[in-house]
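Numbering (the UniProt record's numbering), first residue to last: 1 to 403. Inspection log for the structure reproduced underneath, given as structure tokens.
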Amino acid sequence: MDINQKVENALKEIKRGSSEIIGEERIKELVKNYFEKGENFTIKAGFDPTAPDLHLGHTVLLQKLKIFQKYGAIVQFLIGDFTAQIGDPTGKNKTRKMLTPKEVEENAKTYKEQVFKILDKDKTEVVFNSKWLNALGAKGIVELTTTYTVARMLERDDFEKRFKSNTPIAISEFIYPLLQGYDSVALKSDIEIGGTDQKFNLLMGRYLQRVYNVGKEQSVIMMPLLIGLDGINKMSKSLGNYIGITEDANTIFAKVLSISDELMWEWYDLLSDKSLQEIEKLKSDVKNGRNPKEIKEMLAIEIVDRFHGKGAGEKAKEHFDRVHKQNKIPEDIPEFEMEPMNIVDALVAAKLASSKSEARRHIKGGAVRINQEKINSADINLESGKEYILQIGKRKFAKVRIK
């Protein structure tokens, strides 16, 4: 295969699933230089450590970065320990609460531990933007603010809406896009990748590289926001429609199987390591009568293996089949010893429900079983000397022994 064909094949993988690419010709040039001369280039992705754990939505960018590493990229995995204390205003209808330095430090630590489940450590530089933004100082930040006007900043969609509705906008929120853009100046990034909601901030990097005479303008790749388990909204912890990459293997497997057949293909494009040709073959198989559930199980196994090691996916599938198909109790459920008590209190004590009100809602909704028998009353008492298997839904179990 000649160089040009290799480059075209690489670009197909790079463009897969993306929403928009700015500066595609430059990306093609960088990849070609890698094939011809072995020259590496840099691609930056910034993550503000605003929560302790990553979910699958975050890994859309990580999967794309992994692809770039195959074709010569050194990933600049930027942890925004400075900017996280301000808070990204993107998509917000109010000023975000600032995080403390300790919160940022703890969250950043877990990010570093989690990303190398996907990225090649030898082709990744983990960088913290406090290094250059602290050094920039008050004088440098004031100079940075002179590069952009308030009028231009208000052209940004979320700022414009808040301004028109008289919703407060903090000056710090105007500074955030400038600081993110300055990261690209400090790192001299060749490419930056982010979600479609980050377009304003990503383009700011291109703009500031010109202003500060970096000698290049970064290309920009925008990826769609991963739709969550509900099939409607973007994956979000606050909406509860997420899969955390640190969740146990059985939970991840069951959650992946819960998505719709239509959403499955989008997840394949954005999350799977399978090639475009392999995915097309799977789509053809489904059209020709293959059960889409089998295809979904393959995706679930792949994702579980990614975060829990090879073979964990098959074990999770066996567990799922045992519990869901054969209606058996899992083997490794938590056990509790309790005083005699009401079922509502027992569900909370066994950590199956976070509160009594939640426990009652589950009972009312028919989601609670005792020894595999569905109950519809919150007035049941667990009796002394007996043992019970408590269950909420299809995934939550606990064994309870009453003293």
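Here a beta-carbon is modelled for each residue, glycine too, at the ideal position from N, C-alpha and C.
Gly385, buried or exposed, once every other Cβ within 10 Å from all chains shown has been counted against 16: As a first step, residue 385 must be located in the sequence shown, where it is residue number 385. By the 10 Å Cβ count, Gly385 comes out exposed.
Euclidean distance between Cα positions of Lys117 and Asn241: By one-based count along the sequence shown, residue 117 stands at place 117. By one-based count along the sequence shown, residue 241 stands at place 241. Their Cα atoms are separated by approximately 22 Å.
Whole-angstrom distance between Phe200 and Ala249, CA atom to CA atom: Here the question's residue 249 lines up with position 249 in the sequence shown. Here the question's residue 200 lines up with position 200 in the sequence shown. In this model, Ala249 and Phe200 are separated by some 37 Å (Cα to Cα).
Pro224 versus Glu358: straight-line alpha-carbon distance, rounded: Looking up residue 224 in the sequence shown gives position 224. Looking up residue 358 in the sequence shown gives position 358. For Pro224 and Glu358, the distance between alpha carbons rounds to 34 Å.
Val220 burial status per 10 Å Cβ neighbour count (16 or more: buried): Looking up residue 220 in the sequence shown gives position 220. Classification of Val220: buried, given that the 10 Å Cβ count is 16 or more.
Supposed close pair Asn107, Pro49 - CB separation, criterion 8 Å: Counting from 1 along the sequence shown, the entry for residue 107 is found at position 107. Counting from 1 along the sequence shown, the entry for residue 49 is found at position 49. So it is a contact: roughly 3 Å between Cβ atoms.
Three or more C-beta pairs below 8 Å linking the stretch 226-242 and the stretch 166-186: In the pairwise beta carbon analysis, the stretch 226-242 is classified as not touching the stretch 166-186: fewer than three pairs are separated by under 8 Å.
For Ala45, the residue or residues it bridges with in DSSP: Taking the sequence shown and counting its residues from 1, one reaches residue 45 at position 45. In the DSSP secondary-structure assignment, Ala45 is bridged to Phe77.
Ser354 versus His55: straight-line alpha-carbon distance, rounded: By 1-based counting over the sequence shown, the position of residue 354 is 354. By 1-based counting over the sequence shown, the position of residue 55 is 55. A direct Cα-to-Cα measurement between Ser354 and His55 gives close to 21 Å.
Three-state secondary structure assigned by DSSP to Ala124: One-based indexing of the sequence shown puts residue 124 at position 124. Looking at the sequence itself, residue 124 is Thr, so the reference to Ala does not match. Reduced to three states, the DSSP call for Thr124 is strand.
Nearest neighbour of Thr124, chosen from Gly72, Phe174, Trp265 [CA to CA]: The residue you call residue 124 lines up with position 124 of the sequence shown. A check of alpha carbon separations from Thr124 across Gly72, Phe174, Trp265 identifies Gly72 as the nearest.
Rounded C-alpha distance that separates Leu179 from Thr83: Your numbering for residue 179 matches position 179 in the sequence shown. Your numbering for residue 83 matches position 83 in the sequence shown. Put simply, the backbone Cα of Leu179 is about 7 Å away from that of Thr83.
Contacting residues, own chain, Cβ-Cβ under 6 Å from residue 426 (five flanking each side not counted): The chain is shown from 1 up to 403; residue 426 falls before or after that span and cannot be answered.
Cβ contact (3+ pairs, closer than 8 Å) linking the stretch 338-349 and the stretch 395-403: Cβ pair count under 8 Å is three or more, so yes.
Which of helix, strand or coil DSSP assigns to Met222: Numbered from its first residue, the sequence shown carries residue 222 at position 222. DSSP places Met222 within a strand segment (E or B) once states are collapsed to three.
Nearest neighbour of Pro340, chosen from Glu373, Lys403, Glu278, Glu294 [CA to CA]: Reading the sequence shown from its first residue, position 340 is the one you call residue 340. Of the candidates Glu373, Lys403, Glu278, Glu294, the one whose C-alpha sits nearest the C-alpha of Pro340 is Lys403.
Rounded straight-line distance, which links the Cα of Ala151 to that of Pro168: Position 168 of the sequence shown, counting from 1, holds the residue named residue 168. Position 151 of the sequence shown, counting from 1, holds the residue named residue 151. Rounded to whole angstroms, the gap between the alpha carbons of Pro168 and Ala151 is 16 Å.
Straight-line gap, Lys374 to Gly393 (C-alpha atoms, nearest Å): Here residue 374 corresponds to residue number 374 of the sequence shown, with the count starting at 1. Here residue 393 corresponds to residue number 393 of the sequence shown, with the count starting at 1. Spanning the alpha carbons of Lys374 and Gly393 requires a straight line of approximately 10 Å.
Val115 versus Glu383: straight-line alpha-carbon distance, rounded: The sequence position of residue 115 within the sequence shown is 115, counting from 1. The sequence position of residue 383 within the sequence shown is 383, counting from 1. Straight-line Cα distance between these residues: approximately 48 Å.
Ile3 burial status per 10 Å Cβ neighbour count (16 or more: buried): What you label residue 3 is simply residue 3 of the sequence shown in a count that begins at 1. That one is exposed.
According to DSSP, residues forming a beta bridge with Ile22: Here residue 22 refers to the residue found at position 22 when the sequence shown is read from its first residue. DSSP, once it has assigned bridges, lists Val220 as partnering Ile22.
Which of helix, strand or coil DSSP assigns to Met1: The sequence position of residue 1 within the sequence shown is 1, counting from 1. Looking at Met1 - three-state DSSP - the assignment turns out to be coil, as it is neither helix nor strand.
Neighbourhood of Tyr148 by C-beta distance below 7 Å, restricted to the same chain and skipping five residues each side: In the sequence shown, residue 148 corresponds to position 148, counting from 1. The residues are Leu178.
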